[in-house]
Structure formats: C-alpha cells, structure tokens
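Single-structure report; data block below.
Residue numbers (the UniProt record's numbering): 1 to 385.
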C-alpha cells in the first residue's frame, strides 16, 4: 500500500485543547514557541522513533519498539462446530452471552477505524467464522474499505465448499484451512467430530476457484500426528498448497506440555532426510512463517515457530476478540474492551487514544514457552487465533 499522509484524526488530536485519553495522559495545545508534545504520553523510545519516522503510518498503531501494526485479526464468533484438542477442553468452554458480543455494525466500525489508520490486511477468525450467518455480508462490507488490500479467513473447512463461491464474489482474498491429519479416523479423534471429507472438499474447492496458494494449517503434536509430516509435504507436489506446520502452543484448557511439542528444527530434519534438496525461500517482511520448497513441486511448506524461535521482533498483528477486546499479543493476557467504549459513545479520537495506549504498552517479546504455559490466558477458541 502506498504511504498515506499523516492521519487527519492524528492532526485533530494534536491540535485539540486539553483532552483526556484512556491512559490518563493529557493532550494539550502548546504555547507559541514551545515544542509540540505527542498526543498520548509515550515512552521516550517511542517518541524518538515517531519523530524520526514522520508519519506515513499511524502513531496510534506504532509501538514503543517501532513495530507498525498493519494486520488486524477479528474473531467473528466464539462458537465452533468442531472441538479440536489444542483449541479447547473436551467439555467445551463457557461462551459469552450474545448481547456482549460485537454486533456486525460494531465490527465494521472498528474495522473502518483501523483501516483508516493504516491496517491493510484483515483476517476473520473464530471460533469458526463460517458458521456466522452474515459472514458473506461482512466480507463484502470490508471489501469496500479504501486502503484494505487483503481480506482472509481462517476456517476449519467444514462449510467452505458450500460458501466459498459467495465469499470469493464478496471479495475474499486468502484462505487458511485447519487440517491436522490425513487419516479420517484420527481426524475424528483430534477434533472430536466427523467432517474429514467436507474439509477435503473445501480444500479442493479453493483450488478449483483459483486460490493459490491455499494455506493448510497443521498443528503438530508428538504422539498424535508427527508421523504424517512427509504425507502432508507430499501433497504439495501436485497441488498449489502452502502446508504450514505449527508448533503446539499452550493455551488455557489444552493440556499443553513441553514433551508434546515438536520443534521446528526437529520437523525440518525429518523433511530433509526425505528431501535433502529442500530449499529455504526468502522471508517476507513481517511474516510469521519460515518457508521452504522442494524443486519441482507446485506448492511449498512453512513452519510457524512461535515456541522455539519467536518472531516478536517483526510482529505487525493486533487481535479483536468476538466480545470486543483488543489483544496486542496472542500470548499476553492484557486486554482492553473496545466494545465497552463504543457502547459508551466514545468518539473516534477517544477510541484511537485507547488503542494507541494499548499498542504503546506492547512488550518487546512474549515470555517464552514455559512462562506462557503457566500464565492465565483465554482458550484459543475465545481468542480467535
């Protein structure tokens, strides 16, 4: 996306007379001859960065380490038609009352605000986003936002074959499909439901409609599916897939332990034994994936190394949960309710102050796998991935 001028909203905040932000900082009009002060009280490192990189990108979405957050993940629902072991406990989780979830208009209001400030990619997650009745309309509305380059969805694939033609027409640009095994019986064990055939139909429908690559997310768990790595990679020989092997991550209720986690390097060693010609591809800016390709294969494989080799230093992601909380880090338990401020009548300027304060508090990196495993956090299904 071409560099945007300084946000009109930011200029209004800088020009405003005394006004209070959610952080408690005051925004003041300087006296003649005095240097301008930033709209929100920020650490000196952040102030210095913003001064040196005068604004093609919103100050509100730039943290104290200079990371620009141009990628927003929005959870459309906490509900899901599967019960994946790594996502939620077998007994399920208490769901938020419907009245406390974001409405469609609230989702679109927040999306417009973030896109105005520089977000150019939105991914819709859940729960399972494709069980939300108005998901096609939401995609169509997002597609109208000037400056938004990419709309993606992460789905379990159960409803994908049926809905994808409508979603594509509405403007859906990219698809991630969760699939952790190629064995139907094992699929039912992992997700505690039937549906393997429907997921495969969804993958092939995406290929048929021209999506390339179709990303397939596979959470690798020792003793469960690490023996299928080569089978997944073999799919990329004839299909335009990006098979993404994800290190098993700890979330509330998923019974994570270190012994279940298969590290990126262990997975890569397994693949190299079979395909020594495996080539590493250049890393894309702000990418979470380490990508590889076997010469002659149509697709590729990637690794999401959240546990063994974090990518916090280039993180550009923010998350909004289905109940309207802003999470600046997947592994952090700090949240701020944008829903409550919206419903209290907060103006755009006030919302930006709240968002900017939260982004400004984002830490340099997450605490590491062992600390994360002990930390209280939402189950994955209530975060939205």
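Just so it is clear, CB atoms sit at the ideal spot from N, CA and C, and this is done for glycine as well.
Nearest-angstrom Cα separation, counted from residue 114 out to residue 349: Reading the chain shown from its first residue, position 349 is the one you call residue 349. Reading the chain shown from its first residue, position 114 is the one you call residue 114. Going by the C-alpha atoms only, they are around 12 Å apart.
Measure the alpha-carbon distance for residue 120 versus residue 316 and round it to whole angstroms.
As a position in the chain shown, residue 120 is number 120, starting the count at 1. As a position in the chain shown, residue 316 is number 316, starting the count at 1. Distance between the alpha carbons of residue 120 and residue 316 is about 11 Å.
Review point. Are three or more beta carbon pairs between the stretch 284-297 and the stretch 77-95 nearer than 8 Å?
Key: no
In whole angstroms, give me the CA-to-CA distance for residue 342 and residue 331. Working through the chain shown from its first residue, we reach residue 342 at position 342. Working through the chain shown from its first residue, we reach residue 331 at position 331. Rounded to whole angstroms, residue 342 to residue 331 spans 25 Å at the Cα level.
If you scan the stretch 270-300 from start to end, which runs of the beta strand (DSSP E) of 3 or more residues do you find wholly inside it? 289-293
Cα-Cα separation, residue 337 to residue 261: Position 337 of the chain shown, counted from the first residue, corresponds to residue 337. Position 261 of the chain shown, counted from the first residue, corresponds to residue 261. Rounded to whole angstroms, residue 337 to residue 261 spans 33 Å at the Cα level.
May I ask you to verify whether the stretch 289-297 touches the stretch 225-244, counting CB pairs closer than 8 Å and requiring at least 3?
-> yes
*Thinking just about the alpha-carbon of each residue, which of 169, 307, 327 and 227 is nearest to the one in residue 211?*
As a position in the chain shown, residue 211 is number 211, starting the count at 1. Ranking 169, 307, 327 and 227 by Cα distance to residue 211 puts 169 first.
#### Entry: Alpha-carbon spacing of residue 264 relative to residue 302, whole angstroms
The residue you call residue 264 lines up with position 264 of the chain shown. The residue you call residue 302 lines up with position 302 of the chain shown. In a straight line, the C-alpha of residue 264 is about 10 Å away from that of residue 302.
> Are the beta-carbon atoms of residue 157 and residue 202 separated by less than 8 Å?
Replying inline: As a working note, residue 157 is residue 157 in the chain shown. As a working note, residue 202 is residue 202 in the chain shown. Yes, these two residues count as a Cβ contact at 8 Å.
- Task: Let me know the secondary structure DSSP gives residue 22 once reduced to three states.
- Result: Indexing the chain shown from 1 puts residue 22 at position 22. At residue 22, the pLDDT of 37 sits below 50, so the modelled position is not reliable; the number obtained from the coordinates is stated separately. The answer is coil: DSSP assigns residue 22 none of H, G, I, E or B.
Just the Cα atoms here: how many angstroms apart are residue 93 and residue 102?
Residue 93 sits at position 93 when you count from the first residue of the chain shown. Residue 102 sits at position 102 when you count from the first residue of the chain shown. Looking at the two C-alpha atoms, the distance is approximately 19 Å.
TODO: Name the one or two DSSP bridge partners that residue 72 has.
DONE: Start at 1 with the first residue of the chain shown, and residue 72 comes out as number 72. DSSP output for residue 72 lists 122 and 318 as bridge partner(s).
For residue 206, which residues from the same chain have a beta carbon less than 8 Å from its beta carbon, with the 5 sequence-adjacent residues on both sides left out?
Taking the chain shown and counting its residues from 1, one reaches residue 206 at position 206. Same-chain partners within the cutoff: 160, 164, 175, 177 and 214.
Margin query: Can you tell me where the beta strand (DSSP E) holding residue 242 begins and where it ends?
Written below: Position 242 of the chain shown, counting from 1, holds the residue named residue 242. Its beta strand (DSSP E) spans residues 241-247.
Grouping DSSP H, G and I as helix and E and B as strand, with all else coil, what is residue 218? Locating residue 218 in the chain shown gives position 218, where the first residue counts as 1. It is a strand residue.
*Grab the span of the alpha helix (DSSP H) containing residue 135 for me, first residue to last.*
As a working note, residue 135 is residue 135 in the chain shown. It spans 135-143 - the alpha helix (DSSP H) in which residue 135 sits, taken as one unbroken run.
### Message
Would the stretch 180-196 count as touching the stretch 141-151 if we require 3 or more Cβ pairs under 8 Å?
### Response
no
C-beta atoms of residue 72 and residue 118 nearer than 8 Å:
As a working note, residue 72 is residue 72 in the chain shown. As a working note, residue 118 is residue 118 in the chain shown. No, they are not a contact pair.
Among 78, 89, 108 and 112, the one whose alpha carbon lies nearest that of residue 97:
As a working mapping, residue 97 is identified with position 97 in the chain shown. For the residues 78, 89, 108 and 112, the minimum Cα distance to residue 97 belongs to 78.
Tell me residue 326's beta-bridge partners as DSSP assigns them.
-> Residue mapping note: residue 326 aligns to position 326 of the chain shown, counting from 1. DSSP, once it has assigned bridges, lists 320 and 336 as partnering residue 326.
* Hey, could you find the ends of the beta strand (DSSP E) residue 152 is sitting in? => As a first step, residue 152 must be located in the chain shown, where it is residue number 152. Element bounds for residue 152: 150-155.
request  = From the DSSP output, in three-state form, read off residue 232 for me.
outcome  = Locating residue 232 in the chain shown gives position 232, counting from the first residue. Residue 232: helix per DSSP, three-state reduction.
Exercise for review: List the DSSP bridge partners of residue 303.
Suggested key: In the chain shown, counting from the first residue as 1, residue 303 sits at position 303. In DSSP, residue 303 forms a bridge with 245 and 290.
* Asked: For the candidate residues 320, 279 and 155, whose alpha-carbon lies nearest to that of residue 216?
  -> As a first step, residue 216 must be located in the chain shown, where it is residue number 216. If we check each option's Cα against that of residue 216, 155 comes out closest.
| query | Do the CB positions of residue 220 and residue 196 come within less than 8 Å of each other? | reply | Numbered from 1 along the chain shown, position 220 holds the residue referred to as residue 220. Numbered from 1 along the chain shown, position 196 holds the residue referred to as residue 196. No. Outside cutoff.
Item checked: Spatial neighbours of residue 271 in its chain, beta-carbon cut-off 8 Å, leaving aside the 5 residues before and after -> Numbered from 1 along the chain shown, position 271 holds the residue referred to as residue 271. Within the same chain, residue 271 has close Cβ partners 229, 230, 233, 278, 292 and 301.
Counting C-beta neighbours from all protein chains within 10 Å, is the total for residue 237 16 or more, i.e. buried, or is it exposed?
Within the chain shown, the letter at position 237 stands for residue 237. By the neighbour-count rule (16 or more Cβ atoms within 10 Å), residue 237 is not buried but exposed.
- Going by DSSP, what residues sit across from residue 77 in a beta bridge? As a first step, residue 77 must be located in the chain shown, where it is residue number 77. Looking at the DSSP assignment, residue 77 forms no beta bridge with any residue, so it has no partner.
I'd like to know whether the C-beta atoms of residue 74 and residue 124 end up nearer to each other than 8 Å.
Here residue 74 refers to the residue found at position 74 of the chain shown. Here residue 124 refers to the residue found at position 124 of the chain shown. Cβ distance < 8 Å, so residue 74 and residue 124 count as in contact.
Cutoff 8 Å; reference residue 281; Cβ partners in own chain excluding five residues on either side: Here residue 281 refers to the residue found at position 281 of the chain shown. The residues are 291, 292, 293 and 300.
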